[in-house]
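For reference, the structure is listed below as C-alpha cells.
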Amino acid sequence: MNLRAYRGQLPRLGKNVYIDSSAVLVGDIELDDDVSIWPCVAARGDVNFIRIGARSNIQDGCVLHVTHDGPFTPGGKPLLIGADVTVGHGAILHGCTIEDACLIGMGARVLDGAVVKKNAFIGAGAVVSPGKIIGEGELWLGNPARFARKLTERELEQLHYSAAHYVRLKDEYLAAG
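Okay, so the sequence shown: first residue is 33 according to my numbering, each after it adds one.
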C-alpha cells in the first residue's frame with residue numbers, strides 16, 4: 033500500500049482494512065474498520081481531512097479530495113464519508129459529506145459543500161452541484177443532478193447489500209495475501 037505523509041500526518045487505518053497496492057493515500061485520512069480501497073484510488077487529505085466510516089468501499093479509480101481554507105472557501109471543506117457507503121468506479125468526491133448507507137454511482141461527481149443524506153443513491157455519471165442537499169432515501173440522476181424519485185424498499189436493501197458484499201470481497205483479498 034502507498035501511504036504518504038503530508039505535513040507530518042500519515043493516514044490512520046482501522047482494523048481489517050484493505051488498500052490495493054496501486055492506491056495512493058496522502059495526509060490526514062482516517063479509515064474506520066473494514067474499509068476497502070480498490071485499485072488506482074487517489075485520496076489526498078492534504079489541505080483538509082478525509083474520514084471514511086466502517087465497512088465503506090471506495091472502488092477502482094476514484095478520486096477523493098478536500099478544499100483548503102482560503103478567501104473564497106473560509107474554513108475549507110473536509111471529505112466525510114459515513115459507514116456502509118459504496119463509492120462506484122471512477123467517482124470523484126470533493127469536499128463533501130456522504131452520510132451512512134449511500135451509493136455513489138460510477139463516474140458520479142459530488143462537489144464542495146454538497147451533503148448526501150443517508151440511504152441516498154446518486155446515479156452513474158451524475159454531478160451533484162456545490163452546496164446541494166440530497167434528501168434521505170432519494171435517487172438523483174443527471175448533470176446537473178436532479179431529484180428522480182424516492183428509493184423503493186428493495187433499492188434500500190441493495191444499498192446495504194452492496195456494502196456488505198464489498199466487506200466479504202475485501203476479506204477474500206486479505207486472506208489471499
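Yeah, the Cβ is synthetic: ideal placement off N, Cα and C, and Gly gets one too.
Only a predicted model underlies this, so the values are computations on that prediction, with no experimental measurement involved.
For residue i, is the beta carbon positioned less than 7 angstroms from some heavy atom of the ligand MN?
{"i": "residue 61", "result": "Only the bare structure without any ligand can be found here, which leaves the ligand MN out of the picture."}
Whole angstroms are fine: how far does the CA of residue j sit from the CA of residue i?
{"i": "residue 130", "j": "residue 201", "result": "22 angstroms"}
{"i": "residue 178", "j": "residue 151", "result": "16 angstroms"}
{"i": "residue 148", "j": "residue 192", "result": "16 angstroms"}
{"i": "residue 66", "j": "residue 141", "result": "24 angstroms"}
{"i": "residue 117", "j": "residue 103", "result": "32 angstroms"}
{"i": "residue 60", "j": "residue 109", "result": "13 angstroms"}
{"i": "residue 226", "j": "residue 55", "result": "A question about residue 226 goes unanswered here, because the residues of the chain that appear run from 33 up to 209."}
{"i": "residue 81", "j": "residue 58", "result": "10 angstroms"}
{"i": "residue 105", "j": "residue 209", "result": "43 angstroms"}
{"i": "residue 169", "j": "residue 184", "result": "8 angstroms"}
{"i": "residue 44", "j": "residue 62", "result": "5 angstroms"}
{"i": "residue 175", "j": "residue 125", "result": "15 angstroms"}
{"i": "residue 88", "j": "residue 47", "result": "13 angstroms"}
So is residue i buried or exposed if we call it buried at 16+ other beta carbons inside 10 Å?
{"i": "residue 165", "result": "exposed"}
{"i": "residue 68", "result": "buried"}
{"i": "residue 127", "result": "buried"}
Residue i by DSSP, collapsed to three states: which one?
{"i": "residue 183", "result": "coil"}
{"i": "residue 42", "result": "coil"}
{"i": "residue 100", "result": "coil"}
{"i": "residue 199", "result": "helix"}
{"i": "residue 54", "result": "coil"}
{"i": "residue 146", "result": "coil"}
{"i": "residue 68", "result": "strand"}
{"i": "residue 168", "result": "coil"}
Does the distance from the C-beta atom of residue i to that of residue j stay below 8 angstroms?
{"i": "residue 194", "j": "residue 111", "result": "no"}
{"i": "residue 132", "j": "residue 120", "result": "no"}
{"i": "residue 158", "j": "residue 173", "result": "yes"}
{"i": "residue 85", "j": "residue 64", "result": "yes"}
{"i": "residue 189", "j": "residue 153", "result": "no"}
{"i": "residue 138", "j": "residue 122", "result": "yes"}
Query raised in the report: Is the region 68-84 touching the region 95-106, taking contact as three or more C-beta pairs under 8 angstroms?
Result: yes
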